[in-house]
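Heads up, the thing below is written out as C-alpha cells.
Now the structure itself:
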C-alpha cells in the first residue's frame, strides 16, 4: 500500500512578526527614549534573542534600555551587553571616558 505525499502548509503566525520588523521596532523604541545615551544603543536580533550593545553611564540606564524593548512581540530574551562606564570631565570641561 503506497502513501500519498504529505502536503505541508506554513502560515505566518499572527503576533509573531519577522525579525527585521521586530528589530526595526526595537531600534525605534530605543531612539525615542528621552535619554540620549539610550538612543545610541545598538541592537541585534537572532532567533528571538535581542542583544543590546554599547555604553551607558549608569546601571539605571542599562535597565531602562532593557525595559524599553523586553515586552515587544517577537523578543523572547534580551541579552543585555550594555557596558556601564564612568564619564569624567577632561581638562576642557567636556565629558570623557
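Numbering (my numbering), first residue to last: 1 to 97.
Glycine included, each C-beta is placed from N, C-alpha and C at the ideal position.
query                                                                                                                                        : result
Does DSSP put residue 72 in a helix, a strand or coil?                                                                                       : coil
Below 8 Å on the Cβ atoms is my guess for residue 150 versus residue 35; work out the distance and round it to an integer in Å.              : Since the first and last residues shown for the chain are 1 and 97, residue 150 lies out of range.
Just checking: is the beta-carbon of residue 45 within a distance shorter than 8 Å of some beta-carbon in chain C?                           : Protein chains in the displayed structure number just one, and chain C is not present.
Taking only the alpha-carbon atoms, compute the straight-line gap between residue 61 and residue 21 and give it to the nearest angstrom.     : 24 Å
With burial defined as no fewer than 16 other Cβ atoms inside 10 Å of the residue's Cβ, what is the status of residue 37: buried or exposed? : buried
What does a CB cutoff of less than 8 Å around residue 10 pick up in its chain, not counting 5 residues either side in sequence?              : Residue placement at residue 10 is poorly supported in this model, since its pLDDT is 42, which falls under 50; the coordinates are not used for a value here.
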